[in-house]
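Asker: Would you mind keeping the following structure in view while I ask a few things?
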Amino acid sequence: MTMIFGVPLAVLSGQLLIGIINGAFYALLSLGLAVIFGLLKIINFAHGAMYMLGAMVTVLMFDTLGISYWVALFLAPLVVGTFGVLIEYFLLRRIAGQDHIYSLLLTFGAALIIQGVLVNIFGVSGLRYAMPDMFKGGMNLGFMFLPYYRAWVIVAALLVCFGTWFVIEKTKLGAYLRAGTEDSQLMQGFGINVPLLISLTYGFGVALAAFAGVLAAPIYSVTPVMGSSILIVVFAVVVIGGMGSIGGAIITGILMGVIEGLTKTFYPPASSAVIFLVMVLVLMFRPSGLFGKEA
Amino acid sequence: MNQSVNSADIHKAIVEQQALQDRRKMMLNGALLLLLLAAPFVLYPVFLMKILCFALFAVAFNLLFGFTGLLSFGHAAFLATGSYTTGFLLSNYSGLTTEVGILAGTLASTLLGMAFALLSIRRQGIYFAMVTLALAQLVFFFFVQSEFTGGEDGMHGIPRGELFGLINLEDNLNMYYFVLAVFIGCYLLVQRVVSSPYGQVLKSIKQNEARAVSLGYNVDRYKVLAFVISAALAGLAGSMKSVVFQLASLNDAHWHMSGEVILMTLVGGMGTLLGPVVGATFVVNVEYQLSQGPLRDWVDPILGGIFVLTVLAFRSGIVGEVQKFVKKNLG
Chain A
1 MTMIFGVPLA VLSGQLLIGI INGAFYALLS LGLAVIFGLL KIINFAHGAM
51 YMLGAMVTVL MFDTLGISYW VALFLAPLVV GTFGVLIEYF LLRRIAGQDH
101 IYSLLLTFGA ALIIQGVLVN IFGVSGLRYA MPDMFKGGMN LGFMFLPYYR
151 AWVIVAALLV CFGTWFVIEK TKLGAYLRAG TEDSQLMQGF GINVPLLISL
201 TYGFGVALAA FAGVLAAPIY SVTPVMGSSI LIVVFAVVVI GGMGSIGGAI
251 ITGILMGVIE GLTKTFYPPA SSAVIFLVMV LVLMFRPSGL FGKEA
Chain B
1001 MNQSVNSADI HKAIVEQQAL QDRRKMMLNG ALLLLLLAAP FVLYPVFLMK
1051 ILCFALFAVA FNLLFGFTGL LSFGHAAFLA TGSYTTGFLL SNYSGLTTEV
1101 GILAGTLAST LLGMAFALLS IRRQGIYFAM VTLALAQLVF FFFVQSEFTG
1151 GEDGMHGIPR GELFGLINLE DNLNMYYFVL AVFIGCYLLV QRVVSSPYGQ
1201 VLKSIKQNEA RAVSLGYNVD RYKVLAFVIS AALAGLAGSM KSVVFQLASL
1251 NDAHWHMSGE VILMTLVGGM GTLLGPVVGA TFVVNVEYQL SQGPLRDWVD
1301 PILGGIFVLT VLAFRSGIVG EVQKFVKKNL G
């Protein structure tokens, strides 16, 4: 058997695969945070709760209405995104002129409510979601076994990430968004409906989190608390990457997933902490983050 | 003729007004002190001590959040470091007197605070919140994996021991008066810090950091010191808490705790001295009352609701609103 640094190749590539998949989730979530941060200048503390809602909605739609995975892939982000728009419209908008710290605290409170209510209804043990039939099994790549679903998660996450990057960086709508970030008053003067733009941006960022939730439903255990632990990791990823660029959020997310996977192979006890350690290093040597622009 | 109103008269009136205000304040403080001294004869001392520990925690947090404008989302790390260090020392070295254990816990979180501050101080606003949250999570992982903390089970049966080797703290009344003395000492310390020239600089940093820089203040140094004092007092709160309850657990280190202290400060009134004390009393009571009733499973969402309401409707908190009311109606 091929060995690399004393570790069988199959084990190493297996952990790498898991790392890339986790990285895909980090990328989707930090991308959503970056999009929301770009226009609203707030860190959405409810992002983990929205990710969890995406997964919960997927499971519940299947259990009660028999709605399939493929439909859920579009419907769940739509439902959760609408919920996000409502939160923006009824809550966040009311404190728009205040210090951004207040909107952070507001989303934190909202996350406590959402998570707490669902814990009471569903408990903290996981709900099961059956793998869609077409994803059962996998293929043998010679050096490792690649389950179809895991391959799909990577492809889907990358497609959505690329699509978001493309829309924001290359289209007219994206130009409005970026201009709104620079100077929202001037944009309003040009006849762009900035409040609507803000609502939709929040909804879209939240929908990205929900999309990650749908992808996660068949492979992770779906519980009301699944969002809170991943959110803190994603915060660390965001600090490492810096909020400067959409592309940076994606690359850093995947990179951190891979580093986590490698640590799990070579020194398992540190695997849950390694991303935070990287963050400490980045803060010491490059405080604005790997892709950050602000000083 | 109004020439009779000369500046000396005005000056005298101002001085009298000031003296009246001071007398009122003195009387209010005296009444509060009597109330605190008499409280354990009416209410359960351990519950009162819980309030005092959390009040100290919130006062410490408020020095940073309310007066300097830095939102730390990782203060649980200091509370837990204090409580684990003290718990470990008192459990394993029976020769130590209680105050040594508590001082060691405070020192440990002071050092941790210094490390946190040096890493995070260059980031501002929400970045600062994220960095402190992530650093605290690192500390949480450390406590989860370390042997000495007892992991998920926590540390039980920490001996209260004897203060200075003389006063038996197993007695709840003795323990209460000790906690009260420490609390009042820390409260006065924070009051002193806030009203000192140093405290004025902190407030100016909160209001307009760029201007403070342009006036020549080394802003980072002021912020680091504020962070370290805050971490030390938070650690002291944790140390005392572990002695009072004879227990240290992962709850203290969880980010949930960091959120709770923010809530206490916000509800009570950030940037006021008394606010965090009122807020801690309020939150501890709400949690206790809820846990006794049919809503015991709904503590989290209700706290979240209080969070949202406070942010939306009364950002200056209980004490802030009362101050506004007094100013408006009583001149």
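Protein chains in written order, with our numbering: chain A, 1 to 295; chain B, 1001 to 1331.
Quick reminder that beta carbons are idealized off the backbone N, C-alpha and C, glycines included.
Starting from A:M139, trace the beta strand (DSSP E) both ways and give me its first and last residue.
Answerer: It spans G138 to N140 - the beta strand (DSSP E) in which A:M139 sits, taken as one unbroken run.
Asker: How far does the alpha helix (DSSP H) with B:F1183 in it extend, from its first residue to its last?
Answerer: Where B:F1183 is concerned, the enclosing alpha helix (DSSP H) stretches over N1172 to S1195.
Asker: Looking at A:G213 and A:G54, is the spacing between their C-beta atoms short of 7 Å?
Answerer: For A:G54 and A:G213, yes; Cβs fall inside 7 Å.
Asker: Please report how far the alpha carbon of B:I1302 lies from the alpha carbon of B:S1258, in whole angstroms.
Answerer: Roughly 17 Å separates the two Cα atoms.
Asker: Under 7 Å Cβ-Cβ, which residues of chain A neighbour B:Q1145?
Answerer: Those are P269, listed as they occur along chain A.
Asker: Use the C-beta contact count for B:A1076: other C-beta atoms within 10 angstroms, 16 or more gives buried, fewer gives exposed.
Answerer: Buried is the call here.
Asker: When the cut-off is 7 Å and only beta carbons count, does B:L1133 lie next to chain A?
Answerer: Yes, B:L1133 counts as interfacial toward chain A.
Asker: Hey, is the segment 1081-1091 of chain B in contact with the segment 1099-1113 of chain B, meaning 3+ C-beta pairs nearer than 8 Å?
Answerer: Because the criterion of three Cβ pairs below 8 Å is met, the segment 1081-1091 of chain B and the segment 1099-1113 of chain B touch.
Asker: Could you give the uninterrupted runs of the alpha helix (DSSP H) lying entirely in the segment 168-200 of chain A, keeping only those of 4 residues or more?
Answerer: Segments of the alpha helix (DSSP H) lying fully in the segment 168-200 of chain A: 172-182 and 184-189.
Asker: Near A:V7, which residues of its chain fall below 6 Å by C-beta distance, leaving aside the five closest residues on each side in sequence?
Answerer: Result list for A:V7: T265, in chain order.
Asker: With burial defined as no fewer than 16 other Cβ atoms inside 10 Å of the residue's Cβ, what is the status of A:Y149: buried or exposed?
Answerer: The residue in question, A:Y149, is buried, as its Cβ has 16 or more Cβ neighbours within 10 Å.
Asker: What residue from A:L277, A:L290, A:G292 and A:F291 has the CA that sits closest to B:L1119's CA?
Answerer: Out of A:L277, A:L290, A:G292 and A:F291, A:L277 has the C-alpha closest to the C-alpha of B:L1119.
Asker: Find the nearest neighbour of A:G84 within the set A:I121, A:T107 and A:L16, judged by alpha-carbon distance.
Answerer: Ranking A:I121, A:T107 and A:L16 by Cα distance to A:G84 puts A:T107 first.
Asker: Would DSSP call B:N1168 helix, strand or coil?
Answerer: B:N1168: strand per DSSP, three-state reduction.
Asker: Quick check on DSSP: helix, strand or coil for A:L146?
Answerer: Strand, per DSSP.
Asker: Taking Cβ-Cβ distances below 7 Å as the criterion, which residues of the segment 1294-1314 of chain B are in contact with chain A?
Answerer: Within the segment 1294-1314 of chain B, the residues whose Cβ lies closer than 7 Å to some Cβ of chain A are D1297, W1298, D1300, P1301, L1303, G1304, G1305, F1307, V1308, V1311 and L1312, listed in chain order.
Asker: Per DSSP, B:E1162 is paired with what?
Answerer: DSSP lists B:N1168 as partners of B:E1162.
Asker: Using 7 Å as the limit for Cβ to Cβ distance, is A:Y102 near chain B?
Answerer: Yes - at least one Cβ of chain B is within 7 Å of the one on A:Y102.
Asker: By the DSSP assignment, the alpha helix (DSSP H) with B:V1059 in it spans what residues?
Answerer: Its alpha helix (DSSP H) spans residues P1045 to F1065.
Asker: Pick out whichever of B:T1310, B:V1322 and B:W1298 has its Cα sitting closest to the Cα of A:I114.
Answerer: The shortest C-alpha separation from A:I114 is found at B:W1298.
Asker: Tell whether a beta-carbon distance below 7 Å holds between A:V238 and A:S103.
Answerer: No, they are not a contact pair.
Asker: Give me the Cβ distance between B:F1054 and B:A1313, rounded to the nearest whole Å; I'm assuming they're in contact under 8 Å.
Answerer: Contact flag wrong, Cβ pair sits at about 24 Å.
Asker: Determine, using beta-carbon pairs with one atom in the segment 1137-1153 of chain B and one in the segment 1006-1025 of chain B, whether at least three such pairs fall under 8 Å.
Answerer: The segment 1137-1153 of chain B is not in contact with the segment 1006-1025 of chain B.
Asker: Kindly indicate which three-state DSSP category B:F1325 falls into: helix, strand or coil?
Answerer: In the structure shown, B:F1325 sits in a helix (DSSP, three-state: H, G or I).
Asker: Please classify A:V153: does DSSP put it in a helix, a strand, or coil?
Answerer: A:V153: helix per DSSP, three-state reduction.
Asker: Can you look up A:V222 in the DSSP assignment and give me helix, strand or coil?
Answerer: A:V222: strand per DSSP, three-state reduction.
Asker: Using a C-beta to C-beta distance shorter than 8 Å, which residues of chain B count as neighbours of A:P287?
Answerer: By Cβ distance, chain B contributes R1122 and R1123.
Asker: Grouping DSSP H, G and I as helix and E and B as strand, with all else coil, what is B:M1001?
Answerer: Note that B:M1001 scores 47 on pLDDT, short of 50, meaning its location in the model is unreliable; the coordinates nonetheless yield the value given after this. Here B:M1001 sits in coil by DSSP.
Asker: Output the distance between the C-alpha atoms of A:A295 and B:G1074, rounded to the nearest integer angstrom.
Answerer: With a pLDDT of only 42 at A:A295, under 50, the local geometry of the prediction cannot be trusted, and the value read off the model is given with reservation. Rounded to the nearest angstrom, the two C-alpha atoms are 23 Å apart.
Asker: Name the DSSP bridge partner or partners of B:M1026?
Answerer: B:M1026 pairs with nothing; no bridge assigned.
Asker: Going along chain A, which residues have a C-beta under 7 Å from B:M1130?
Answerer: I43, F235, V238 and V239, listed in chain order.
Asker: Counting contacts by CB-CB distance shorter than 7 Å, is B:L1112 in contact with chain A?
Answerer: So no, B:L1112 is outside the interface.
Asker: Within 8 Å, do at least three Cβ pairs link the segment 143-161 of chain A to the segment 77-91 of chain A?
Answerer: Output reads no: the segment 143-161 of chain A does not touch the segment 77-91 of chain A.
Asker: Name, please, each residue of chain B whose Cβ falls closer than 7 Å to the Cβ of A:V117.
Answerer: Per Cβ cutoff of 7 Å: P1301.
Asker: Would you mind giving the Cβ-Cβ distance between A:A72 and A:F62, rounded to the nearest angstrom? I have them listed as a contact below 8 Å.
Answerer: Between A:F62 and A:A72 the Cβ distance is about 7 Å, and since that is below 8 Å, they are a contact.
Asker: Could you please tell me which residues of the segment 271-282 of chain A, in chain order, have their CB closer than 9 Å to any CB of chain C?
Answerer: The question asks about chain C, but that chain is absent: this structure's protein chains are A and B.
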